[in-house]
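From first to last, the protein sequence lines stand for chains H and U. When we follow the numbering used here, the leftmost residue of the first sequence carries the number 2, and every step to the right adds one. When we follow the numbering used here, the leftmost residue of the second sequence carries the number 8, and every step to the right adds one. Built from N, CA and C at the ideal position, the CB exists for glycine as well.
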Amino acid sequence: AQTVTQSQPEMSVQEAETVTLSCTYDTSESNYYLFWYKQPPSRQMILVIRQEAYKQQNATENRFSVNFQKAAKSFSLKISDSQLGDTAMYFCAFMGGANSKLTFGKGITLSVRP
Amino acid sequence: DAGITQSPRHKVTETGTPVTLRCHQTENHRYMYWYRQDPGHGLRLIHYSYGVKDTDKGEVSDGYSVSRSKTEDFLLTLESATSSQTSVYFCAISEGPLRGQETQYFGPGTRLLVL
Chain H
2 AQTVTQSQPE MSVQEAETVT LSCTYDTSES NYYLFWYKQP PSRQMILVIR
52 QEAYKQQNAT ENRFSVNFQK AAKSFSLKIS DSQLGDTAMY FCAFMGGANS
102 KLTFGKGITL SVRP
Chain U
8 DAGITQSPRH KVTETGTPVT LRCHQTENHR YMYWYRQDPG HGLRLIHYSY
58 GVKDTDKGEV SDGYSVSRSK TEDFLLTLES ATSSQTSVYF CAISEGPLRG
108 QETQYFGPGT RLLVL
């Protein structure tokens, strides 16, 4: 069974600065997908970024980028130029190969200070 | 945003009563999922469906049943609600398991309180 670990329960960052959220996972599969979801106070789950394991290039979406280290089974999210609207809980999630099931980490609460 | 609605959005019920939550999509996606979210656990999969009348269990399926008679609707039923089923329930959809189709999009959630 796959596991996803987010060891930091909370983080805080000053507006306009950069913050990195950590995620590690454990799997025996060679082909899989990794995701970061954002959950603001509205509770809506919003896809932030997606990474395919077979792609060596790290995914980027505007201010959001990942550092994908396949050998280390690490998938961290970097948020550049943090904005107040980035305040939310962030979940790392894993999906193995042809298995369509998502396994989530416990989440990290990010607060952006003005 | 993906066209996913959940009803009701909030519900308070008593222990032992049956409860049905509905997920409705307008995207014609093949896969639909039910998750529950609890503090300290992230989201956990309850059941999922890979087509009309095709369903399978997830990680925390005990006490829940599901049905899917139409592509657009996926129902989650608590036959006899218990206080441990107090949670926020999310529905999600995806096109399928193939590369490029696997991303799941979530509904707004249903907050259920079982007294």
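Opposing strand residues paired with residue i [DSSP bridges]
i, result
"H/D87", "Note: H/D87 sits in no beta bridge, so no partner."
"H/L35", "H/Q52 and H/F95"
"U/L105", "U/L105 is not bridged to any residue."
"U/V19", "U/L120"
"H/N68", "H/S77"
Where residue i falls: helix, strand or coil (DSSP)
i, result
"U/Q92", "helix"
"H/R44", "coil"
"U/G58", "strand"
"U/S68", "coil"
"H/N187", "Outside the displayed span of chain H (2 to 115) sits residue 187 of chain H, for which this structure offers no information."
"U/K77", "strand"
"H/G106", "coil"
Of the residues the options, the one placed nearest residue i, counting alpha carbons only
i, options, result
"H/K102", "H/E18, H/T6 and H/Y33", "H/Y33"
"H/T19", "H/I47, H/L85 and H/W37", "H/L85"
"H/T28", "H/P42, H/A60, H/A54 and H/F92", "H/A54"
"U/S74", "U/I53, U/S90 and U/L122", "U/I53"
"H/L35", "H/L48, H/C24, H/T21 and H/Q52", "H/Q52"
"U/S72", "U/S90, U/Y42, U/L50 and U/I100", "U/Y42"
Delimiting residues of the beta strand (DSSP E) encompassing residue i
i, result
"U/C30", "V26 to Q32"
"H/D82", "No beta strand (DSSP E) contains H/D82, which DSSP labels as neither H nor E."
"H/T25", "T25 to D27"
"H/E11", "E11 to Q15"
"U/R37", "Note, U/R37: premise wrong, no beta strand (DSSP E); not H, not E."
Residue i: CB within 6 Å of a non-hydrogen atom of the ligand HEM
i, result
"H/S13", "The ligand content of the structure shown is nil, which means the ligand HEM is not present either."
Inspect the CB distances between the region 108 to 115 of chain H and the region 25 to 36 of chain U and report whether three or more fall short of 8 Å. no
Decide if the region 55 to 67 of chain U is in contact with the region 10 to 21 of chain U; the criterion is three or more beta carbon pairs, one per stretch, under 8 Å apart. no
Between the region 78 to 87 of chain U and the region 31 to 42 of chain U, do at least 3 Cβ pairs fall closer than 8 Å? yes
Check whether the region 17 to 25 of chain U touches the region 71 to 86 of chain H, counting contact only when three or more Cβ pairs, one atom from each stretch, lie closer than 8 Å. no
Do three or more CB pairs link the region 90 to 99 of chain H to the region 80 to 99 of chain U at distances below 8 Å? no
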